[in-house]
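So the structure is just underneath, and the comments pick up after that.
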Amino acid sequence: MSNVEKDLKVKILVLGNSGVGKSSFTHLLCHNQANKNPGYTIGCTINIKLHEYKPGTSEEKTFCIEIWDIGASNSHASSRFMFYNNINGIILVHDLTNFKSLQNIPIWLTDVLKHDATGGLTSVKVTSQTTNPTEDVTQCSIPLLVVGTKLDMIGDSRRPEISNRSKLTAVDLACSEIQLDTLEPRYIAAGSGNAVKLSRFFDKAIAHALQRRTTTIGQSPLIDRRSSIGGERRRPNVGNPFSRRLAMKTGHQD
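Note that the working numbering gives residue 204 to position 154 of the sequence shown, counting from 1, and the numbers run on in steps of one.
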């Protein structure tokens, strides 16, 4: 393991409806083992993920990434904004067996974005004022990742249809997407497709934190929805019918 970076804070939020498996996913991500009896999250729970940034290059370094598992109870909705500051990435978790949890992903992101006006979220900007939450969230500079859980609970006959819904959401948000069973570490085993996507997401979150540290005070930290570590990203298709369906305000599910 390379030298550990101690001076840079990298903060990632984990958002989604209650019961979708955020705590189980976070535990698997940070400890590489399943948590078969996750507790109910009140407020938030913070875990640490060690990540090797750009291994094999002159910039190689180990970063301690803070993974903030945000509780989704409606009774604490008014106080969640306290955690929406200085973030460098957002993981959006939904239950593959619960379509409502997928529909609510744009609403969770809008909940974060709207606190920018109050000064609560200094690291996210939107390029224009719109009434479409899906369009707003696709313009933010924060790296995003969509995670679908409970893959093991989907029958083979329905898996292609349900899997495609999650993938379309990621396309709309111009980000990567993974699907897994949080009780099976093999889904994020080293070398797997999911592990590669997670590693790239963490690289982008670290690059975002590094960029923000060097941003001159008073300048907007807005960057285009292109990879901050190289490579132009395709502009999300916010106009497709599925995107409009996701943008429907269905409210948070407790």
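Beta carbons: idealized from backbone N, C-alpha and C, even for Gly. For clarity, every value in this text was computed on a predicted model and none was experimentally measured.
CB contact check: residue i to chain B, cutoff 8 Å
i	result
Asn67	Among the chains in the structure shown there is no chain B, since it carries only a single protein chain.
Cα-Cα separation, residue i to residue j
i	j	result
Ser213	Ser226	13 Å
Asp231	Ile157	24 Å
Arg208	Lys217	15 Å
Ser68	Phe149	13 Å
Arg215	Glu110	36 Å
Thr76	Leu233	11 Å
Glu102	Arg250	11 Å
Asp206	Gln229	14 Å
Ala127	Lys72	16 Å
Cys94	Gln261	26 Å
Asn244	Asp57	29 Å
His165	Ser191	15 Å
Asn124	Ile96	20 Å
Asp161	Tyr90	21 Å
Pro105	Ser242	17 Å
Ser202	Leu159	Before going on, a small fix: residue 202 reads as Asp here, not Ser. The alpha-carbon atoms of Asp202 and Leu159 are separated by roughly 27 Å.
Lys86	Met132	29 Å
Asp274	Ala240	Its pLDDT being 45, under 50, Asp274 is placed unreliably by the model, and the measurement read from it follows with that caveat. Answer to the nearest angstrom: the Cα atoms are 30 Å apart.
Beta-carbon proximity of residue i to residue j, cut-off 8 Å
i	j	result
Lys59	Ala259	yes
Leu142	Ile155	yes
Ile117	Val70	no
Pro88	Ser74	yes
Of the residues the options, the one placed nearest residue i, counting alpha carbons only
i	options	result
Leu163	Glu116, Asp206, Ile137, Gly106	Ile137
Ala246	Gly139, Leu195, Ser123, Arg215	Note that residue 246 corresponds to Val in the displayed sequence, not to Ala. Comparing Cα positions, the closest option is Leu195.
Ile62	Gly139, Asp206, Ile204, Thr91	Gly139
Phe252	Asp57, Met203, Cys80	Cys80
Ile98	Gly66, Asp202, Asp119	Asp119
Gln153	Ile204, Gly106, Asp222, Ser125	Asp222
Chain-order list of residues whose beta-carbon lies under 8 Å from that of residue i (same chain, five-residue window excluded)
i	result
Leu25	Since the first and last residues shown for the chain are 51 and 304, residue 25 lies out of range.
Ala84	Ser74, His77, Leu78, Thr232, Leu233, Glu234, Pro235
Thr248	A small correction: the amino acid at residue 248 is Leu; Thr does not occupy that position in the sequence shown. Around Leu248: Leu79, Leu195, Ile228, Ile238.
Arg263	Leu58
Status (buried if at least 16 other CB within 10 Å, exposed otherwise) for residue i
i	result
Lys254	buried
Pro193	buried
Tyr237	buried
Tyr134	buried
Ala224	buried
Gly198	buried
Arg130	buried
Same chain only: Cβ atoms within 6 Å of residue i, ignoring 5 sequence neighbours per side
i	result
Lys200	Asp145, Leu146, Thr147
Ile92	Gly121
Ser151	Asn67, Val70, His144, Asp145
Residues near residue i in its chain [Cβ-Cβ closer than 7 Å; skip 5 each side]
i	result
Asn82	Pro235
Ala220	Val196, Ser226, Glu227
Ile204	Leu146, Thr147, Ile212
Ile267	Reliability of the predicted coordinates at Ile267 is poor, the pLDDT of 39 falling under 50, and no value is obtained from them.
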